[in-house]
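Undergrad: Just so you know, the protein sequences line up as chains Z and F, in that order.
Here the first sequence is numbered in our numbering, starting from 8 and rising by one per residue.
Here the second sequence is numbered in our numbering, starting from 365 and rising by one per residue.
In this text, a Cβ means the ideal position worked out from N, Cα and C, and glycines have one as well.
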Amino acid sequence: MVGELEFERPIVQLRNKIAELKEFTKTADVDLSSEIEKLELRLEKLEKDIYNNIKPWDRVQIARHPNRPTTLDYISNLFDGFFECHGDRAFGDDEAIVGGIAKFRGLPVTVIGHQRGKDTKENIRRNFGMPHPEGYRKALRLMKQADKFQRPIICFIDTKGAYPGKAAEERGQSEAIARNLFEMAGLKVPVICIVIGEGGSGGALALGVGNRMYMLENSTYSVISPEGAAAILWKDSALAKKAAESMKITAPDLKELGIIDDIIPEIKGGAHKDVKGQSEAIDNFLKKSLKELLELSEDELVADRYNRFRTIGEYSFLKDYISI
Amino acid sequence: MLKELFTKNTNKKKKYATIPTEAAKSDVPEGIMTKCPSCKTIMYTKELNKNLKVCVHCGYHFSMNAKERIVSFLDEDSFNEIDENMVSENPLNFPDYLEKVEKDRQKTKINEAVVTGSGTVNGNKIVLAIMDSTFRMGSMGSVVGEKITRAIEKADEMSVPFIIFTASGGARMQEGVLSLMQMAKTSVALKRFSDNGGLILSIMTHPTTGGVSASFASLGDYNFAEPGALIGFAGRRVIEQSIREELPEDFQTAEFLLKHGQLDAIISRPELIDKITNLLEIHQPGGELEW
Numbered sequence: 008m009v010g011e012l013e014f015e016r017p018i019v020q021l022r023n024k025i026a027e028l029k030e031f032t033k034t035a036d037v038d039l040s041s042e043i044e045k046l047e048l049r050l051e052k053l054e055k056d057i058y059n060n061i062k063p064w065d066r067v068q069i070a071r072h073p074n075r076p077t078t079l080d081y082i083s084n085l086f087d088g089f090f091e092c093h094g095d096r097a098f099g100d101d102e103a104i105v106g107g108i109a110k111f112r113g114l115p116v117t118v119i120g121h122q123r124g125k126d127t128k129e130n131i132r133r134n135f136g137m138p139h140p141e142g143y144r145k146a147l148r149l150m151k152q153a154d155k156f157q158r159p160i161i162c163f164i165d166t167k168g169a170y171p172g173k174a175a176e177e178r179g180q181s182e183a184i185a186r187n188l189f190e191m192a193g194l195k196v197p198v199i200c201i202v203i204g205e206g207g208s209g210g211a212l213a214l215g216v217g218n219r220m221y222m223l224e225n226s227t228y229s230v231i232s233p234e235g236a237a238a239i240l241w242k243d244s245a246l247a248k249k250a251a252e253s254m255k256i257t258a259p260d261l262k263e264l265g266i267i268d269d270i271i272p273e274i275k276g277g278a279h280k281d282v283k284g285q286s287e288a289i290d291n292f293l294k295k296s297l298k299e300l301l302e303l304s305e306d307e308l309v310a311d312r313y314n315r316f317r318t319i320g321e322y323s324f325l326k327d328y329i330s331i
Numbered sequence: 365m366l367k368e369l370f371t372k373n374t375n376k377k378k379k380y381a382t383i384p385t386e387a388a389k390s391d392v393p394e395g396i397m398t399k400c401p402s403c404k405t406i407m408y409t410k411e412l413n414k415n416l417k418v419c420v421h422c423g424y425h426f427s428m429n430a431k432e433r434i435v436s437f438l439d440e441d442s443f444n445e446i447d448e449n450m451v452s453e454n455p456l457n458f459p460d461y462l463e464k465v466e467k468d469r470q471k472t473k474i475n476e477a478v479v480t481g482s483g484t485v486n487g488n489k490i491v492l493a494i495m496d497s498t499f500r501m502g503s504m505g506s507v508v509g510e511k512i513t514r515a516i517e518k519a520d521e522m523s524v525p526f527i528i529f530t531a532s533g534g535a536r537m538q539e540g541v542l543s544l545m546q547m548a549k550t551s552v553a554l555k556r557f558s559d560n561g562g563l564i565l566s567i568m569t570h571p572t573t574g575g576v577s578a579s580f581a582s583l584g585d586y587n588f589a590e591p592g593a594l595i596g597f598a599g600r601r602v603i604e605q606s607i608r609e610e611l612p613e614d615f616q617t618a619e620f621l622l623k624h625g626q627l628d629a630i631i632s633r634p635e636l637i638d639k640i641t642n643l644l645e646i647h648q649p650g651g652e653l654e655w
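1. Please report how far the alpha carbon of residue 444 of chain F lies from the alpha carbon of residue 134 of chain Z, in whole angstroms.
2. Per DSSP, residue 207 of chain Z is paired with what?
3. Is residue 290 of chain Z helix, strand or coil when you go by DSSP?
4. Secondary structure at residue 61 of chain Z, three-state DSSP: helix, strand or coil?
5. Mind listing the chain Z neighbours of residue 450 of chain F? Cutoff is C-beta to C-beta under 7 Å, in chain order.
6. Could you list which residues in chain Z have their beta carbon closer than 7 Å to that of residue 543 of chain F, in chain order?
7. Over the uninterrupted alpha helix (DSSP H) stretch that includes residue 16 of chain Z, give me the two end residues.
8. Which residues in chain F have a C-beta closer than 7 Å to the C-beta of residue 212 of chain Z? List them in chain order.
9. Given residue 153 of chain Z, which residues of its chain have a CB within under 7 Å of its CB, disregarding the five upstream and five downstream residues?
10. Quick one: what's got a C-beta closer than 6 Å to residue 230 of chain Z's C-beta in the same chain, skipping five residues either side?
11. On the three-pair Cβ rule with 8 Å, is the segment 243 to 251 of chain Z touching the segment 203 to 217 of chain Z?
12. Does residue 628 of chain F come within less than 8 Å of chain Z when only Cβ atoms are used?
13. If we ignore side chains and look at the alpha-carbon of each, how far apart do residue 474 of chain F and residue 453 of chain F end up?
14. Between the C-alpha atoms of residue 596 of chain F and residue 650 of chain F, what's the straight-line distance to the nearest angstrom?
15. Please compile the residues from chain Z whose C-beta is within a distance smaller than 7 Å of the C-beta of residue 593 of chain F.
16. Would you give the residue range spanned by the alpha helix (DSSP H) that residue 455 of chain F belongs to?
17. Please report how far the alpha carbon of residue 166 of chain Z lies from the alpha carbon of residue 398 of chain F, in whole angstroms.
18. Using the Cα positions of residue 148 of chain Z and residue 162 of chain Z, report the straight-line distance between them to the nearest angstrom.
19. In terms of alpha-carbon separation, which member of Z:318, Z:301, Z:221 lies closest to residue 157 of chain Z?
20. To the nearest whole angstrom, what separates the beta carbons of residue 572 of chain F and residue 530 of chain F, a pair I think is in contact under 8 Å?
21. Looking at the unbroken alpha helix (DSSP H) that takes in residue 412 of chain F, where does it start and where does it end?
22. Report, in whole angstroms, the separation of the C-beta atoms of residue 266 of chain Z and residue 545 of chain F, which I expect to be a contact under 8 Å.
23. Name, please, each residue of chain F whose Cβ falls closer than 7 Å to the Cβ of residue 328 of chain Z.
24. To the nearest angstrom, how far is the alpha carbon of residue 235 of chain Z from that of residue 602 of chain F?
25. Does the beta-carbon of residue 8 of chain Z have 16 or more other beta-carbons within 10 angstroms, so that it is buried, or is it exposed?
26. Does any CB atom of chain F fall closer than 8 Å to the CB of residue 255 of chain Z?
27. Report the neighbours of residue 113 of chain Z on chain F: residues whose CB is nearer than 9 Å to its CB, in chain order.
28. Kindly indicate if chain F contains any beta-carbon less than 8 Å away from that of residue 179 of chain Z.
29. Considering just the uninterrupted stretch of the beta strand (DSSP E) at residue 399 of chain F, what are its terminal residues?
30. Please name the residue, chosen from F:642, F:632, F:426, F:481, that lies closest to residue 567 of chain F on a Cα-to-Cα basis.
31. Alpha carbon to alpha carbon, what distance is there between residue 151 of chain Z and residue 317 of chain Z?
32. In chain Z, what lies closer than 7 Å to residue 431 of chain F by C-beta?
33. Can you pull the DSSP bridge partners for residue 629 of chain F?
34. Going by Cα to Cα distance, which pick from F:600, F:427, F:431 is closest to residue 330 of chain Z?
35. Within the 8 Å Cβ cut-off, does residue 649 of chain F reach chain Z?
36. So, with DSSP's three-state summary, where would you put residue 322 of chain Z?
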C-alpha cells in the first residue's frame, strides 16, 4: 500500500495476509473461512488498538502525510463557487496561501488557507506551504474585504511555518505576521480557524486569531517543529520524537490546555484515506459554529475573540519576591 | 596505592607551554575595565556606564538590563512597578524548567524576563515594559505575555502611552504552544488599546527575534531600534540552511531593517530621551494652531 505509515504496518500486514488467504481459497480446494473469520476479528481488534492509541509522533507523521488533504481539497468539497483572489497589491502573489470568496451552504464566506503542493513541481510553486510576507498581506487584504462585506471568514491552517528566507526578512516577515494578529483581533465578522495539518508556530498563528479554533484529530499545533525543539533543547534534532511528546502539540493536548474548542474526528488512519468523509466531518463543525457566531453582534464577536486569547497562560504570584 | 597516584601527579611536569585562548586574551580585569567588542578599545567601566553603556569611541551599544534601562530612561524615582511578583508555572511539566527559571531569578534579581510599570519621561506619564535578555534570553512564556498584556491594559486605563523595550530570543520553548499564544494575547490587547486611541512605541534592542519580533515589537505606531541591534523573524543559521546562499553582513541588523523600510528610525541611547519626549509631546491632546 502506498503511503502507509510505520505505526500502521501491522494492520497492513494482517490485511494483506487476509487478502492472500481469500485469494487462495478461490483457487485451492480448501475451506479456510473459519481461519479468515478469526483473522478478521483479530484485524478489527488490532485496528482498534492501534488507531485508538496513536502516539504524538505518529500523529506528526499523519499530519505530514504527502497525500493529506490540503486547503484546496476541503474548499472544493465544502464550498460552492469558490473564486480565488490573488495578490497583496504591494509586492506579489504568494501561492503558499490561497484565498477567495465562496458559498458555504448558501452563505457567502471568505476562505483562506495555507496551501502545500501535492507533488514536487507544485510544492516548488507553493514553496511547500511556507508563506512569505506577501502571503500574509494577501490574507489580511481578503479578511478586510470580508469585514467590509460582512462575510464570515474561515481559515485553514496547514504550514510548517513562515518561510525563513532572506527575501522574507527584507520584506518584513515579522511585521506581516504581527499585523495579522493585530488586525484579526478587530474583525467584526465571525472567524473560524481549523488546523488541518501542521500548525507551525507564528506562520500558522498569523491565520489563527479566531472566534473558534478546531483541530483535526491528527493535526499538530506548536511553537516550533519537533525537530527544531530537539535541536534547541537537546542539541540533537534526532530527538524529535521525544520533543513531539514533551512539547504537547497534538489536538488532544491542545484541547486539554484549553486552547482549542474541539477536536474534529478523523477518518480511521488519517484524513487522507477519505477526503469526502473528512470534509463531511468538518462541515458539521462549520455549520454548528457559524450558526452560533452569527447570533453575535459585531462588538460581541470582537470581545469574544479578545477574551479567548486574553485568558491563555499559566502563572502564579510569589509572596516573597525580589523587587527591582 | 592512593599515595602513589598522588605523588605521581604532583611530580608531573607540564610538557607543553600554555597558549592563552582567544577568550583569555580578550579578558580584561573584570569590573574596572571593559573592552568594546566592536572597536576593541579598553575603557573604564565607570566611564562606560556614565555614557549609558555606549562605547565612547565607536558608539557600540552594550546591552542594558531592565534595571539599568529604568534608571537611564525614566525620571528619577518615577517608576512604579506592577505585577513584580508574577512567576512562571510549568504547564507542560517540562523537565528542569522551573529550576532554570529559579536560577535566572537568583542571577538577575528579577522575577521574569520583563519588568513592567508606570513612570514619567521628562514629566510625561507613560506605562513601560522592559524586556531583559539576561533572564532566559528574554524569552516569552505565559508570564511575559501576561505582564505585557496587563501593562497595555494599564496604559489603556490610565490613558497614557505604552512604551516597550524589546529584547528577546522569541517564544519560550518550555511552555510550548502557550508561549505561541502569548503573541496573539499581546496583539489583541494592543489592538484594543490602539482602537481606544492609545499611543504605542516600540523600541527594539539587541536581540529582538522570533515570536517577539512577530508580535508586539513590530506593532508600534512608531517602531524604533537601537544601533546595531539584531532584529528578525528566523535565525540566521536557519535561513542560511534553507536558502544556501551567503547573507549580507548587516543582515537583520537595525540598519538593514531601516534600509528595507521596516523601521521609523534608529535612535542611539544618548538621544533617546529627547526624541521620545518630543514624540510624547506631539501626541499630547489639544495642540492648537497659533494665530
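TA: Let me lay it out:
1. Spanning the two alpha carbons is a distance of roughly 49 Å.
2. Bridge partners of residue 207 of chain Z according to DSSP: Z:229.
3. Looking at residue 290 of chain Z - three-state DSSP - the assignment turns out to be helix.
4. If DSSP states are grouped into helix, strand and coil, residue 61 of chain Z belongs with coil.
5. Under a criterion of Cβ atoms nearer than 7 Å, the residues of chain Z adjacent to residue 450 of chain F are, in order, 322, 324.
6. Per Cβ cutoff of 7 Å: 230.
7. Note, residue 16 of chain Z: alpha helix (DSSP H), 16 to 34.
8. In chain order, 544, 547, 548 make up the part of chain F whose C-beta sits under 7 Å from the C-beta of residue 212 of chain Z.
9. The beta carbon of residue 153 of chain Z lies closer than 7 Å to those of 117, 160, 196 in the same chain, with the five residues before and after it left out.
10. Around residue 230 of chain Z: 208.
11. Judged by Cβ distances under 8 Å, the segment 243 to 251 of chain Z makes no contact with the segment 203 to 217 of chain Z, as fewer than three pairs qualify.
12. Taking Cβ atoms only, chain Z never reaches closer than 8 Å to residue 628 of chain F, which makes this a no.
13. Straight-line Cα distance between these residues: approximately 16 Å.
14. Residue 596 of chain F and residue 650 of chain F have their C-alpha atoms some 37 Å from each other.
15. Near residue 593 of chain F there are no residues of chain Z at all, since even the closest Cβ is about 13 Å away, more than 7 Å.
16. Neither: residue 455 of chain F is in no alpha helix (DSSP H) and is coded neither H nor E.
17. Annotation: residue 166 of chain Z to residue 398 of chain F spans about 46 Å, alpha carbon to alpha carbon.
18. Straight-line Cα distance between these residues: approximately 14 Å.
19. When each option's Cα is compared against that of residue 157 of chain Z, the closest is Z:301.
20. Contact between residue 572 of chain F and residue 530 of chain F holds: their C-beta atoms lie close to 4 Å from each other, under 8 Å.
21. Taken as a continuous stretch (DSSP letters only), the alpha helix (DSSP H) holding residue 412 of chain F covers 409 to 414.
22. Between residue 266 of chain Z and residue 545 of chain F the beta-carbon gap is near 6 Å, inside 8 Å, which marks them as a contact.
23. Ordered by position in chain F, the residues that pass the 7 Å Cβ test against residue 328 of chain Z are 448, 449, 475.
24. Cα to Cα, the separation comes out at about 10 Å.
25. Bear in mind that a pLDDT of 47 at residue 8 of chain Z, under 50, signals an unreliable position, so the number given afterwards is only what the model happens to contain. With fewer than 16 neighbouring CB atoms inside 10 Å of its own CB, residue 8 of chain Z falls in the exposed class.
26. Answer yes: the Cβ-Cβ gap between residue 255 of chain Z and chain F drops below 8 Å somewhere.
27. Chain F residues near residue 113 of chain Z: none, gap ~31 Å exceeds 9 Å.
28. With 8 Å as the cut-off, residue 179 of chain Z counts as an interface residue toward chain F.
29. Segment 397 to 399, the beta strand (DSSP E) holding residue 399 of chain F.
30. Nearest neighbour of residue 567 of chain F by Cα position, chosen from F:642, F:632, F:426, F:481, turns out to be F:632.
31. The straight-line gap from Cα to Cα measures roughly 23 Å.
32. Neighbours of residue 431 of chain F on chain Z, chain order: 331.
33. Answer is F:588, bridged to residue 629 of chain F.
34. Taking only the C-alpha atoms, the option nearest residue 330 of chain Z is F:431.
35. Taking Cβ atoms only, chain Z never reaches closer than 8 Å to residue 649 of chain F, which makes this a no.
36. If DSSP states are grouped into helix, strand and coil, residue 322 of chain Z belongs with the strands.
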